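Notes for the one structure printed next.
Numbering (our numbering), first residue to last: 1425 to 1944.
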């Protein structure tokens, strides 16, 4: 801010007022740009023109001097006004004004002559203005020469060499690039070198940002690797995955044309390798937890097949951990592999056991079904055979199998059915023995409710003839033998009814009921 007797005014406001004044029709000398600088109590005004310059620059200076006097700036500051034509400082076109307080209020002829004082004053002003102009020219790159750009480029080139020679220590390179950016930012927008400086500043700023991203990614990578120690909890997995994602995002922002792109790609490959390792381990352990849960409730063949498949998945995920990752080098991974393989083997054995048990059960059921059908058709001997086959097959089912309970019930049913079939077979055998002699004396029919025995006509006729003959001849021994034969039949029929638990009825050849026996 410039202090005046009426207050203060900014350099921007001064530039605007001067530009407006010079644009007036009465002046008619419009500069391309006006720049104002302040250093201590020195004000520099630069008038930028395209070639050719105006023919009478002193007219412009006079207008500016008048304007400064009106604003009461010239009384407090030393004013240096220069013409700059196409970025070149015109040393011969300069207006210098001295603030009033600097001029002596009184003169003493004895001490100095009137002619000597102005020369000394002008010489001092010239020296001061030259020094001030030189400072501003170097500080803000006002003219052709600009030392800031070579300095910034040198720092940037040094940073490039540092990255190549010491890739593990990038802090000095980052500092150089930051300094380069800061130097270039000192060049103001009205400098003729501003465009070049601005372009370089953006480039070095981007390089510094890329370098910063690279360093941050390496730091995050080391942090993630330090957390990758087994065993890992669910929060551990979440934290590590978050760190990997953050590091990847930083490295992916480094453009392909940057010097750090090749090492960034190598780091990305390593991080993706570690990320794959942590993902594979996580899914393997998730599968193992699921396998344990399914084991605890597994019963049927399908259950154990699912358990085996789950442990197989856990092993597969574990095998997908890259061998060159940090996780793969930990001893716990080999231990997990051994545990998972053991659980898989157990699950496979149980699956095989359940599969065999189910197969035996199905075969036993088939034999039992066949035995039932044969019993229904009264093929008792064959039925007995198949009931025995069913029991033999069912007895081979392991007590540890899920289907053993059902098999046990089936065994009980088969045993009862076998006993019933064997009883029927014994009954038929006894009836067959009774009815078969020198001649067939009877026929029979057996059901679950009644046993029907029908005497054959031949046997009935023979029995009648023997009875008549013994009675006619009064043959007591023969009569006794006939009675014993009939009594024996009576006892046998009663015994059959008792043993079978089924009522027995005896019919003559005309199907007339002769006698009935109830089980005792």
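Even glycine gets a Cβ: it sits at the ideal position worked out from N, Cα and C.
Nothing here was measured: the structure is a model prediction, and the numbers come from that model.
- Got a sec, what are the start and stop residues for the alpha helix (DSSP H) residue 1656 sits in? Counting along the chain, residue 1656 falls outside any alpha helix (DSSP H), and DSSP gives it neither H nor E.
- Task: Tell me, please, which residues DSSP counts as bridged to residue 1459.
- Result: 1470
- Counting along the chain, where does the beta strand (DSSP E) carrying residue 1431 start and finish? First-last of the beta strand (DSSP E) with residue 1431: 1431-1433.
- Item | residue 1640, enclosing beta strand (DSSP E) - first and last residue | In the DSSP assignment, residue 1640 falls outside any beta strand (DSSP E) and within the unbroken alpha helix (DSSP H) covering 1618-1651.
- Item | Cα-Cα separation, residue 1525 to residue 1495 | In this prediction, residue 1525 has a pLDDT of 40, which is less than 50 and means its spatial position is unreliable; what the coordinates show is noted afterwards. So the alpha carbons of these two residues sit roughly 16 Å apart.
- Item | residue 1912, buried or exposed, once every other Cβ within 10 Å from all chains shown has been counted against 16 | By the Cβ neighbour-count rule, residue 1912 is exposed, with fewer than 16 other Cβ atoms within 10 Å of its own.
- Query: Around the Cβ of residue 1580, are there at least 16 other Cβ atoms within 10 angstroms (buried) or fewer (exposed)?
  - Reply: buried
- Spatial distance of residue 1489 from residue 1498 (CA atoms): Looking at the two C-alpha atoms, the distance is approximately 8 Å.
- Query: Could you give the C-beta distance for residue 1917 and residue 1877, rounded to a whole number, given that I count them as a contact under 8 Å?
  - Reply: The Cβ separation is near 7 Å, so the contact holds.
- If you run the structure through DSSP and keep just helix, strand and coil, what is residue 1723? coil
- Cβ-Cβ distance between residue 1433 and residue 1443 below 7 Å: no
- Query: Is there contact between the region 1811-1826 and the region 1771-1786, where contact requires at least three CB pairs shorter than 8 Å?
  - Reply: yes
- Task: Ignore the nearest five residues each way along the sequence and tell me which others in residue 1831's own chain have a CB closer than 6 Å to its CB.
- Result: The residues are 1785, 1818, 1821.
- For residue 1809, does the three-state DSSP call read helix, strand or coil? helix
- Task: Pick out whichever of 1465, 1466, 1460 has its Cα sitting closest to the Cα of residue 1472.
- Result: 1460
- Task: Could you tell me if residue 1734 is buried or exposed, where buried requires 16 or more neighbouring beta carbons within 10 angstroms of its beta carbon?
- Result: buried
- Span separating the alpha-carbon of residue 1879 from that of residue 1778: The straight-line gap from Cα to Cα measures roughly 56 Å.
- Query: Considering only C-alpha positions, which residue in the set 1723, 1463, 1728 is nearest to residue 1503?
  - Reply: 1463
- Message: So that I know if they touch, is there some Cβ in chain B lying closer than 7 Å to that of residue 1640?
- Response: The structure shown contains no chain B, having only a single protein chain.
- Query: Okay, do the region 1624-1636 and the region 1654-1662 touch, 3+ Cβ pairs below 8 Å being the bar?
  - Reply: no
- Using 8 Å as the Cβ pair cut-off and three pairs as the minimum, do the region 1845-1854 and the region 1920-1930 touch? yes
- Cβ atoms of residue 1712 and residue 1745: under 7 Å apart, would you say? no
- Item | Cut-off 8 Å between Cβ atoms - residues of its own chain near residue 1547, not counting five sequence neighbours on either side | The predicted model places residue 1547 with a pLDDT of 45, which falls under 50 and marks its position as unreliable; any figure quoted below should be read in that light. Cβ neighbours of residue 1547 beyond the five flanking positions: none.
- Limits of the unbroken beta strand (DSSP E) element including residue 1507: 1502-1509
- Query: Quick one: is the Cβ of residue 1499 within less than 6 Å of any heavy atom of the ligand FMN?
  - Reply: Looking for the ligand FMN in the displayed structure turns up nothing, as the structure carries no ligands at all.
- Straight-line CA distance for residue 1937 to residue 1929? 7 Å
- Item | Contacting residues, own chain, Cβ-Cβ under 6 Å from residue 1841 (five flanking each side not counted) | 1811
- Task: Figure out for me which residue from 1683, 1625, 1871, 1668 has the closest Cα to the Cα of residue 1594.
- Result: 1683
- Query: Under the rule that 16 or more other beta-carbon atoms within 10 Å means buried, what is residue 1719, buried or exposed?
  - Reply: buried
- Task: In angstroms with no decimal places, state the Cα-to-Cα distance between residue 1859 and residue 1796.
- Result: 27 Å
- Message: Quick check on residue 1737: does DSSP put it in helix, strand or coil?
- Response: helix
- Task: Go to residue 1938, then tell me how far its beta strand (DSSP E) extends in each direction, as first and last residue.
- Result: 1937-1941
- Whose C-beta lies closer than 8 Å to the C-beta of residue 1874 among residues of the same chain, with five residues either side of it excluded? 1926, 1927, 1928, 1929
- Check each candidate in 1686, 1680, 1640, 1694 and name the one with the smallest Cα separation from residue 1670. 1640
- Message: Three or more C-beta pairs under 8 Å: does that hold for the region 1728-1743 against the region 1757-1767?
- Response: yes
- Message: Between the alpha carbons of residue 1766 and residue 1724, how many angstroms are there, rounded?
- Response: 20 Å
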